[in-house]
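Chains as they are written, first to last, in my numbering: chain U, 29 to 343; chain G, 24 to 312; chain L, 21 to 347; chain S, 651 to 967. The beta-carbon is built from N, C-alpha and C at its ideal position, and this holds for glycine as well. Computed from a predicted model, the values in this text were never measured in an experiment. Shown next, in structure tokens, is the structure this report addresses.
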Amino acid sequence: MGRYVFNRLLWMIFILIGVAILIFTILYLVPGDVSTHFLGESATIEDRAAFNHKYGLDQPYLAQLGNFLYSLFLKGDFGTSFKYNTPVIEELLVRIPRTLFLGVSCIVVNALIGIPLGMMAALHQNKWQDTLCMVLALLFVSVPNFWLALEMVDLFAIRLGWFPPFGIDKTTSWVMPIIAGSMAGVAANARQTRSSMLEVIRADFITTARAKGVDEGIVVRRHMLPNALIPVVTGLGVGPSKSIAGNVVIERIFTIPGVGTYMLSGIDNYDYPIVRSSVVILAVFSSLVMLLVDIVYAIIDPRIKAQYSGKAKGK
Amino acid sequence: MEHNNQTVKRKSQFAQVIERLLTNKGAVVGVSILLLIVIISLVGPLFCPYGYNEMILTDKFMAPCAKHLLGTDAYGRDIFTRLIYGARYSLLLGITGALAGMAVGIVLGLIDGYLGGMFDTVFMRFLDIWAAIPGQLLSIIIATALGPGFVNTIIALSIGEVPLVIRLLRGQILSVRKEDYLEAAHSINASPGRIMFKHILPNVISPVIVNTTMNIGAIITSAAALSYLGLGIKPPNPEWGAMLAAGKSYVGVYNWLVLYPGLCIAIVVLCVNLFGDGLRDAIDPKMKK
Amino acid sequence: MGNNPFLSVKDLRVEYTSDKKAIYAVNGVSFELEKGKSLGLVGETGAGKTTIAKSIMRILQCPPACIKSGEIYLDGEDLLQKSEKDMLEIRGKEIAMIFQDPMSALNPLMTVGEQIAEVVATHDKSLSKHEAEQKAIEMMEMVGIVGSRAVEFPFQFSGGMKQRIVIAIALACNPQLLLADEPTTALDVTIQAQVLRMIKDLQDKIETSMILITHDLGVVAETCDTVNIVYAGKILEKGTVEEVFDAPTHPYTRGLFDSLPKLNEKTDRLTPIPGMPLDPSIKFEGCPFAPRCERATDRCRQGEIHETHLGGTHYCSCVLCDQRGEA
Amino acid sequence: MAPVIEIRNLKKYFGVAAGTNHAVDDITMTIEKGTTMGVVGESGCGKSTLGRTIIRLLEPTAGNILLNGEDITHAKGHQLTKVREKMQIIFQDPYSSLNPRMSVEDTVSEPLVISKKYKSKAEINDAITEIFSLVGIDQRFRNAYPHEMDGGRRQRVGIARAIALNPEFVMCDEPVSALDVSVQAAVLNLLMDLQEQRKLTYMFVTHDLSVVKHISTNISVMYLGQLVETSPSDELFDMPLHPYTKALLSAIPSTDIHHKKEQILMKGEITSAINPKPGCRFAPRCPHATEACSQPQALQEVGKNHFVSCCRVKELG
């Protein structure tokens, strides 16, 4: 098991290097000169040359890329902001916990609401509970989360004054961002849980369990649920990696000073070191969540566990 | 299952899917509303009393009334008119974005399925990297690099979708590869091209189509989000997301600026999803039960 | 036959609903089984054999599968009148079932020991967890698997081994009635021989009665005392194995025997049964086999076909026997 | 009679996670024109792999395959095209063997279209009409899709596809094991009729011993990739010599209730052919195994066309 986690971590580092190269290249290909964007049309040629030289922008692509990767992965240096002339890492360290908190809260809400909704629907297939849950899920996936966020601000913050409309000063500040950020995930989880439950309900081993005379409640809890949750766990992993990106917009609407808003400010200001580093950090989050999911998956499913722990298959 | 002593008629599978689709209330409602919106967005401007960018400065921030059904914005532009024009953007972006992603995904997926071996190994590694950046985040970065504009937005939106299509297609191809009829095709000397296009593609394409349909809704939302961030369609074009962005400062004051564009997005996405769900059930009736 | 048979099924009818259409799966089945004996239910795909077994066990999910009428007496009590709560006591303890596909009959996420212990613990609440586990290990040893493998998961066992575990679950509470639904169809012939032998030995040991569902007449000949031939949810012929195998009477039974390649005689050509099985969504009248029967007359297609007593315990539902009986 | 198929020391190995699977290990066999070679064995014994290797759907690891005396082991390109037209396959599963998106007519006409032997649509059409009546599919099913037909009819479509180009050799991979007995009988009859009319040579792979006895001229018994015994059909049932053959035959449930035979129950379960030890692979389960069984076994001739691969065959009798 330990070796499996180690291998996966190694693999993750490889992926992150790839992500860094990809992001660097995309931003390198932005048409026009960075110094023009940043210093404005009025800057003199000398100013621009000085700027380019300072940040190594006058070097060829490969040298710049090598430099970027070297400082990022070997020195842990995320570069320096063009605009503020401060190390990006300092700002990131302050912001990372906020983004993580929002992301993890959304995952928890997704699971706590989505899974029971899907279960209820599956256990009452084709009855009103099923219809209700599925209509709710359909609504949740269809409503854009940033619009919902704006409407919530309108109603609950400005008109009713229940929550602060923006910022993170109070504990209640987090309520609306978390609700808006988890809508789509709740719906996805509910749908996934329902369909995998319906598959498991018809499985032969459920008939075996019933034939043992086991109480229906135990059949659901002990036999159906664990099997149905395996694909849901996978979904839980894909969901947040989506919602971390979706949360970029949520962060901006509620002006949460997280990694997402930082990245957007970098985009607005052509401050590419900020953009690059923020994307790498967000990719780290989503890779870590995926890794976590794979580990959980390996723990709950003995078939996968055996595959990784190198235990020989039965004789 | 069979009609006794009656010639079995050739019924194209497409016709069967349509038949089943028509029995699905949700899908029918979804498609009808979508068609209505398409017709309105095409014909509507002919009957609109205002231009989409016509500023009536005396009518600034008018609440919905008889003159301006859904009110006006900060420049006195009629919201209703702008929404009608905006429908074109959302629908076009959603559909072309999803189709572009699907097309590229299918081409790459088939190449991968055809070459297999080493190419597959390397390509899958590359795809892992591609997919490690969450789709919407990648769209934001690509949109930043390309700059705003209609075509650029489509590229930015579809790029995140491609790895998912490839993975889906690849999984399908792998499962179909185990089927005996492929071995049978080899044994009757079918060429690789024939096997790919006659035996594999028709049997793997349905989930991809369903997935693409389901994606249209997500892409419409992403498109609006990009415009909201100022990276997609730029004002003064009446894109719904851009309208939301313009209205966000007046939240709590002139709430119709945000309410109606958002509602439009939600309704279109809902209809697309209803259609997608119906299509999934119609293409694979087993999945429903 | 004794006055008080151990199991008696009377006029059982089961219907499924699929896409709002009714599927007539079991259409008035009656049979009896004496204590300690084994009965073979033989028929082809879709004949309703499994539905009959699941009806006795009362594990059909309604909808879609509903028991429309009938009585099932086990030791004189009608199972169909029992409450679900009473049935929980009976299932696994009085009646147990072995399923066709050992690959999917076990929960992939529980160890096999836990799965055997579960049925033990369910029916004997006085046992501690440890005692239930001990019993599970005992059961595994009984079906020929080393007890130390109780902590392993189903995927670590071969098909034949899994089926042994399913059998261990079924027999763990010494049931009075064992329903074995094609227990060896998925297994290789040498493993089938091992498993059938084991089921028979254990059946003798714990004196349980058995209904063996199969499509294989050979398996019935090796294992059962009596046999019922099922077609389209109806029993067309029944009797002891000797009676039916020595003198197959119903045209369908004969058709089955004629289509089998024989091991100990040379046949140049087999005689298949023409036509196709009945569409179960059509309610038939008369004999369900009439459309495929070469000797069918108008009489076969109308009214109720009665069982004709051919002597001993041998019965046949065919107009031809009826006439012969009268004649 | 000339042999249609000759295979010499044929081997097919697969690399798997745990090592090398010796699925087909050193098999030599001859199939005469117009005869049926039955190949029996339990799941995992390599019988299907053997058949697929012979008809060149799988690349042989070593050994030779001769079709009408011509070595086709490494046939490529045009030669392979010609070879495949002469060797066809019928599958076990009538569901997975037909492309669900192709009508029955398209499926059966595909080999004709690919072969380019027919000049016009009308010719192909006539050919299909003939094939359909030959295999007993009603013409009204021409436009049907596989899911609109029952298992027996689907299997006939599979047979129609296989014989469309008039092959010489057909490898039948458990063609009736997915069918009910009453349908199975009809398909077996059809296969035997076709053999007679078209002088077909069959290799009939199955686990069902009564079926194989009925249809085969000769029978080969396989165990974990190795050939343990091969013999004329009747002789094998009257006088099985290899301990595995004996056990296998004794395990068949018989409908003959008056002559109950003594069952030989084997110890343990079938293992696997992954990284096998040298010697007889049946030895671990064999009641008669001795030291000598761990040596490589040679096929010994014990009668006309009757070979056994067991070093103790003479002593055991």
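Under 9 Å by beta carbon: chain L residues contacting residue i
i, result
"S:F887", "L283, N284"
"S:E912", "Those do not exist, as S:E912 stays about 12 Å from chain L at its closest Cβ, beyond 9 Å."
"U:P254", "N127, L129, M130"
Cβ pair residue i, residue j closer than 8 Å
i, j, result
"G:S162", "G:S245", "yes"
"L:L216", "L:T243", "yes"
"G:D307", "G:S229", "yes"
"L:K69", "L:V261", "no"
"S:S959", "S:Q947", "yes"
"G:G120", "G:G158", "no"
"S:L840", "S:V785", "yes"
"L:I118", "L:I187", "yes"
"L:C193", "L:G112", "yes"
Three-state secondary structure (DSSP) of residue i
i, result
"S:V871", "strand"
"S:Q729", "helix"
"G:D101", "strand"
"S:R658", "strand"
"U:N138", "helix"
"U:V242", "coil"
"L:A73", "helix"
"L:C336", "strand"
"S:P882", "strand"
"L:E161", "helix"
"S:E818", "coil"
"L:V166", "coil"
"U:G104", "coil"
"S:Q876", "strand"
"U:K341", "Low per-residue confidence applies at U:K341: pLDDT is 37, beneath 50, and the placement is therefore not dependable, though the value from the model is reported in the following sentence. In this structure, U:K341 counts as coil in the three-state DSSP scheme."
Amino acids of chain U, ordered along the chain, whose beta-carbon sits closer than 7 Å to that of residue i
i, result
"G:N278", "D182"
Neighbouring residues, chain G, relative to residue i (Cβ below 7 Å)
i, result
"S:P761", "I211"
"U:G46", "I152"
Chain U residues whose Cβ lies nearer than 8 Å to that of residue i
i, result
"G:K271", "L178, I281"
Given residue i as reference, the closest of the options once Cα atoms are compared
i, options, result
"L:E257", "L:H326, L:A192, L:C336", "L:C336"
"L:P297", "L:R289, L:L290, L:D288, L:C307", "L:C307"
"G:N238", "G:G124, G:F70, G:R105, G:I223", "G:G124"
"G:A248", "G:L224, G:P215, G:V231, G:I288", "G:I288"
"L:D121", "L:E202, L:L222, L:R289, L:F26", "L:E202"
"S:D721", "S:K771, S:I739, S:I924, S:E656", "S:E656"
"S:P653", "S:Q789, S:I924, S:D884, S:Y852", "S:Y852"
Where residue i meets chain S, residues with beta-carbon distance less than 9 Å
i, result
"G:Q195", "Simply none; closest approach about 13 Å."
"L:T291", "A835, N839"
Listed by chain order, chain S residues near residue i by CB distance under 7 Å
i, result
"G:Q36", "R751"
Closer than 7 Å at the beta carbon, the chain L residues around residue i
i, result
"U:H152", "Chain L residues near U:H152: none, gap ~13 Å exceeds 7 Å."
Interface partners of residue i on chain S, CB under 8 Å
i, result
"L:H235", "D830, V831"
Contacts that residue i makes with chain L (C-beta to C-beta distance below 8 Å)
i, result
"U:H65", "Simply none; closest approach about 56 Å."
Per-residue contacts from residue i into chain G (C-beta, under 8 Å)
i, result
"S:F741", "D203, E206, A207"
Next on the checklist: At a CB distance below 7 Å, what residues from the region 118-141 of chain L approach chain U? Give them in sequence order.
Outcome noted: Close to chain U, meaning a Cβ-Cβ distance shorter than 7 Å, are the following residues of the region 118-141 of chain L: F119, D121, S124, A125, L126, N127, P128, L129, E138, V139.
Next on the checklist: Which residues of the region 198-227 of chain G have a Cβ closer than 7 Å to any Cβ of chain S? Give them in chain order.
Outcome noted: Answer in chain order: E202, D203, Y204, E206, A207, H209, S210, I211, N212, A213, H222, P225, N226.
Checklist entry - When Cβ atoms are compared, which residues of the region 209-242 of chain U fall closer than 8 Å to chain L? => result Against chain L - using a Cβ distance shorter than 8 Å - the residues of the region 209-242 of chain U are A231, D232, F233, T235, T236, A237, R238, A239, K240, G241, V242.
Checklist entry - Of all the residues that make up the region 836-855 of chain S, which are near chain L by a beta-carbon distance shorter than 7 Å? => result Close to chain L, meaning a Cβ-Cβ distance shorter than 7 Å, are the following residues of the region 836-855 of chain S: A836, L838, N839.
Checklist entry - Between the region 206-233 of chain L and chain U, which residues of the former have CB atoms less than 8 Å from a CB of the latter, in chain order? => result Within the region 206-233 of chain L, no residue qualifies.
Item to check | Near-chain L residues of the region 311-334 of chain U (beta-carbon distance less than 8 Å), N- to C-terminal order | outcome: Residues passing the 8 Å Cβ filter: I328, D329, P330, R331, A334.
Next on the checklist: So if I threshold CB-CB distances at 9 Å, which residues from the region 694-708 of chain S count as touching chain G?
Outcome noted: Among the residues of the region 694-708 of chain S, those with a Cβ less than 9 Å away from any Cβ of chain G are R702, I705, R706, L707, in the order of the chain.
Next on the checklist: Residues of the region 893-917 of chain S in Cβ contact with chain L at a cutoff of 7 Å, in chain order, please.
Outcome noted: Of all residues in the region 893-917 of chain S, those with a C-beta nearer than 7 Å to a C-beta of chain L are A897, L898, A901, I902, P903, S904, T905, D906, I907, Q913, L915, M916, reading in chain order.
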